[in-house]
Amino acid sequence: FHDLYDEHIGQGKNSSAGDILTSALIMGLVFVVLMACVTFVMAIVIIYEFTRCMKAFFILAFVIYFGLFGAGYLFIAVSEYNVAMDWISILLILWNYTGVGIIVFFIAGPKLLKQIYLILLTANVALILMLVLPKWTTWVLLFLMCGWDLYAVLHKTGPLNRMMASMDTNEKEMPPLLYSTAIWVLMSDKSKKRDTDHDSGVQLGLGDFVFYSLLVGTSFASGDLLTAIMCCISILVGLAITLFILLIRNTPLPALPISITLGVLTNFCAQYCVIPFNDALQDRLIFI
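Listed below in structure tokens is the structure:
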């Protein structure tokens, strides 16, 4: 299926480099445009405080995501490991999984449980993108998202910039489900007066974790475990550099550009330099 799909969009084995690059750019631009439209809609919702519509939309999205996609992943796991399970048990598992997720995100719940759900959410979204997007489209998309991140966060007309300005004006805290790719510090007196459940400090967007997971997953799928580990280290180094700049400027910064750039460069250096060099050393029984 994947071979036929890649051939259809011009990224198959028999496609030229120009066809692959053209199709990757087109698909990447389409994804970024869709991402921009959704972000602008979210900015309008937050600026004009359509909170009920926003909550209703996210609850519906969570029910669809945790219910349908959760059922799909559970069915794959049951089939893969040959686990005997009836439909009543499956429905109960999905009901509890979806219900607890909605309660944790929209009502109240332990912080650790919320973080676990966020990790599961970002990993599943990244897995869906890996299954849908061809390999070279994924690399192009990561660079395009870095450019979009710079505009959305730093430019005065960027939607994330406008959202954060609106939240600061209204003295409200933006939940991590709404901002997509931004990182900033909450250290003002307003933040200290907020509810104790919201910790002041560094806030990282949910979209950042999605694209970090997409980068690591694509590196592991196209390379090996060593490449994925090196990409993880590069992402952490890029995030540390971003945090250092953030502490100096004390203004919102995009979290993707530095980390993604270092991760992509590390991936290709590992695949075409480090891994072949390591294999050549092992063939000669030389270990470093």
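In the working numbering, each number is its position in the sequence shown, counted from 1, plus 14.
Positions of the beta carbon are idealized from the N, C-alpha and C atoms, including for glycine.
Note that this is a predicted model, so its numbers are computed, not measured.
- prompt: Span of the alpha helix (DSSP H) holding Pro148?
  reply: Taking the sequence shown and counting its residues from 1, one reaches residue 148 at position 134. Note, Pro148: premise wrong, no alpha helix (DSSP H); not H, not E.
- prompt: Roughly how many angstroms lie between the CA atoms of Leu298 and Ile274, to the nearest whole one?
  reply: The sequence position of residue 298 within the sequence shown is 284, counting from 1. The sequence position of residue 274 within the sequence shown is 260, counting from 1. Here the sequence assigns Arg to residue 298, which means Leu is not the residue at that position. Roughly 35 Å separates the two Cα atoms.
task: Grab the span of the alpha helix (DSSP H) containing Ile90 for me, first residue to last.
output: Translated into positions along the sequence shown, residue 90 becomes position 76. Note, Ile90: alpha helix (DSSP H), Gly84 to Glu94.
- prompt: What whole-angstrom Cβ distance do Trp150 and Ile40 have, given they're in contact under 8 Å?
  reply: Locating residue 150 in the sequence shown gives position 136, counting from the first residue. Locating residue 40 in the sequence shown gives position 26, counting from the first residue. With a Cβ gap of about 12 Å, Trp150 and Ile40 do not count as contacting.
Beta carbon of Leu132 nearer than 8 Å to that of Leu228: Here residue 132 refers to the residue found at position 118 when the sequence shown is read from its first residue. Here residue 228 refers to the residue found at position 214 when the sequence shown is read from its first residue. Not closer than 8 Å, so no.
message: Once DSSP output is grouped into helix, strand and coil, what is the label at Phe282?
response: Indexing the sequence shown from 1 puts residue 282 at position 268. Helix at Phe282.
field: 8 Å Cβ cutoff met for Ala179 and Thr53
entry: Here residue 179 refers to the residue found at position 165 when the sequence shown is read from its first residue. Here residue 53 refers to the residue found at position 39 when the sequence shown is read from its first residue. Contact: no.
message: Cutting at 6 Å between CB atoms, please list the residues of its own chain near Ile272, excluding the five before and the five after it.
response: Here residue 272 refers to the residue found at position 258 when the sequence shown is read from its first residue. Taken in chain order, the residues that qualify are Gly252, Ile255 and Thr256.
message: What does the Cβ neighbour count give for Asp222, buried or exposed, with the cut at 16 atoms within 10 Å?
response: In the sequence shown, counting from the first residue as 1, residue 222 sits at position 208. Buried, since its Cβ has 16 or more Cβ neighbours within 10 Å.
- prompt: Any idea what DSSP makes of Leu267, helix, strand or coil?
  reply: Walking along the sequence shown from the start, residue 267 turns up at place 253. Of the three classes helix, strand and coil, the one that applies to Leu267 here is strand, per DSSP.
query: What's the C-alpha gap between Val114 and Phe120?
result: Within the sequence shown, the letter at position 100 stands for residue 114. Within the sequence shown, the letter at position 106 stands for residue 120. One C-alpha to the other measures close to 10 Å.
- request: Within the same chain, show all residues whose beta-carbon is closer than 6 Å to that of Ser103, passing over the 5 residues directly before and after it, in chain order.
  value: Counted from its first residue, the sequence shown places residue 103 at position 89. Excluding positions up to five away in sequence, the list is empty.
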